[in-house]
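Throughout, the numbering used here is defined as the position within the sequence shown, counted from one, plus 14.
Quick reminder that beta carbons are idealized off the backbone N, C-alpha and C, glycines included.
This structure is a prediction, so every number in the text was calculated from the model and none was measured.
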Amino acid sequence: IPAKCPSCSGALMLPNDREEAICSYCGNRFFLKTATANSSPPSADTMFQLASNAMRGHKYIEAYNYYTRIVEMDPQSADAWMGKGTAAGWMSSLQVPRIREMLTLFSKAQEFISKDKLNSYNLNLSDVITQVVIGYFNLSYKYMKEFVHLGSATLSEFLDDVVLIFGGVDTAICLDSKNIDAINLGIEVAKIVYEGFEYKNFRNENILARVSPEYEVQLLSRIQKYTEDMRLNQPNYWPPALKGKKDDLS
15 IPAKCPSCSG ALMLPNDREE AICSYCGNRF FLKTATANSS PPSADTMFQL ASNAMRGHKY
75 IEAYNYYTRI VEMDPQSADA WMGKGTAAGW MSSLQVPRIR EMLTLFSKAQ EFISKDKLNS
135 YNLNLSDVIT QVVIGYFNLS YKYMKEFVHL GSATLSEFLD DVVLIFGGVD TAICLDSKNI
195 DAINLGIEVA KIVYEGFEYK NFRNENILAR VSPEYEVQLL SRIQKYTEDM RLNQPNYWPP
255 ALKGKKDDLS
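See below:
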């Protein structure tokens with residue numbers, strides 16, 4: 015029989031020979047009579063609580079769906095847009111990276127943040143972006159190192175991911191110029207890509223895969239820019255040496 019969860023308002027199909035059931039969306043246990051009689055949608059506060067519970071349980075798809083329903087109820091809810099963006103970011107996989115979607119949703123949240131809360135929101139957004147991008151970089155870099163010997167496609171995919179990562183880093187720094195973690199990540203990624211990737215081919219020969227000279231110039235510029243960002247926070251900061259290179263990054 016058709017029913018609606020009394021907690022999250024999820025649409026359900028339930029057997030009519032039981033007195034109790036468990037919602038497949040939020041996990042709530044309820045009586046079938048309550049579910050079939052329930053017709054009023056949950057409040058925004060209830061939906062926020064369900065979304066928050068889902069986020070704490072790392073159920074990001076579930077949280078994303080709750081936040082989506084909230085913004086449908088209240089399109090000007092900055093908290094809902096931010097929550098949806100956070101869930102989207104943590105849903106990223108190598109097959110379906112969602113960093114750009116996260117940044118777009120965060121930009122939407124900023125449209126509805128009051129001026130007195132904008133600074134604290136931006137700090138929070140910067141921190142979330144940094145943590146998501148760090149996690150995604152670690153995932154992508156690990157995969158590249160493990161499979162780069164299979165061919166150039168693996169390296170190409172990693173470099174595509176690097177573009178996404180730099181986009182996240184730059185946005186995080188723009189939102190919070192004191193975000194040391196984001197600046198460090200930008201320097202680390204640029205350094206790794208600039209130095210190239212060593213691996214053994216099928217004949218057990220050592221191979222060093224390098225990016226183009228033009229891209230190397232761009233990476234040096236990035237390292238210089240991130241070094242300047244770091245020195246605004248740590249005046250005596252010195253960038254890490256580039257392995258096998260003599261380029262002056264001072």
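So the candidates are the options; which of them puts its Cα closest to the Cα of residue i?
i	options	result
Trp-104	Tyr-80, Ile-127, Thr-82 and Lys-73	Lys-73
Gly-181	Thr-144, Ser-170, His-163 and Ser-166	Thr-144
Phe-151	Leu-199, Ala-92 and Ala-223	Leu-199
Asn-204	Arg-224, Ser-191 and Leu-189	The sequence given here places Ala at residue 204; Asn does not occur at that position. Per the Cα distances, Arg-224.
Asn-220	Leu-173, Val-231 and His-163	His-163
Leu-108	Pro-89, Asp-175 and Leu-256	Asp-175
Ser-166	Asn-79, Leu-222, Gly-99 and Arg-236	Leu-222
Ser-121	Cys-188, Ile-36, Ser-154 and Ile-194	Cys-188
Arg-236	Glu-202, Lys-257 and Phe-216	Glu-202
Lys-98	Val-85, Ser-106 and Gln-90	Val-85
Leu-137	Met-87, Ser-91, Thr-185 and Ser-154	Thr-185
Asp-93	Leu-139, Glu-171 and Glu-76	Leu-139
Ile-194	Tyr-240, Tyr-157, Asn-215 and Leu-132	Tyr-240
How long is the line joining the alpha carbons of residue i and residue j, rounded to whole angstroms?
i	j	result
Leu-178	Ile-113	7 Å
Tyr-229	Leu-64	46 Å
Tyr-251	Ile-206	19 Å
Glu-209	Glu-242	21 Å
Arg-245	Thr-82	40 Å
Ser-57	Cys-22	9 Å
Ser-38	Gly-71	15 Å
Thr-60	Ala-101	18 Å
Tyr-78	Val-110	15 Å
Ser-128	Asp-141	19 Å
Cβ of residue i less than 9 Å from any chain B Cβ?
i	result
Ser-226	In the structure shown, chain B cannot be found, because there is only a single protein chain.
Terminal residues of the continuous alpha helix (DSSP H) containing residue i?
i	result
Lys-129	129–161
Arg-112	Where Arg-112 is concerned, there is no enclosing alpha helix (DSSP H), given that its DSSP letter is neither H nor E.
Ser-226	Segment: none, Ser-226 is in no alpha helix (DSSP H) and carries neither H nor E.
Asp-174	166–189
Asp-59	58–70
For residue i, which residues does DSSP report across the bridge?
i	result
Tyr-240	In the DSSP output, where bridge partners are listed per residue, Tyr-240 has none listed.
Tyr-213	Ile-221
Arg-43	Ile-36
Lys-98	In DSSP, Lys-98 forms no bridge with anything.
Going by DSSP, what residue range makes up the beta strand (DSSP E) through residue i?
i	result
Ile-34	First, the residue type needs correcting, since residue 34 is Glu and not Ile in the sequence shown. Per DSSP, Glu-34 belongs to the beta strand (DSSP E) from 34–36.
In three-state terms, what does DSSP make of residue i?
i	result
Lys-122	helix
Pro-253	coil
Lys-205	helix
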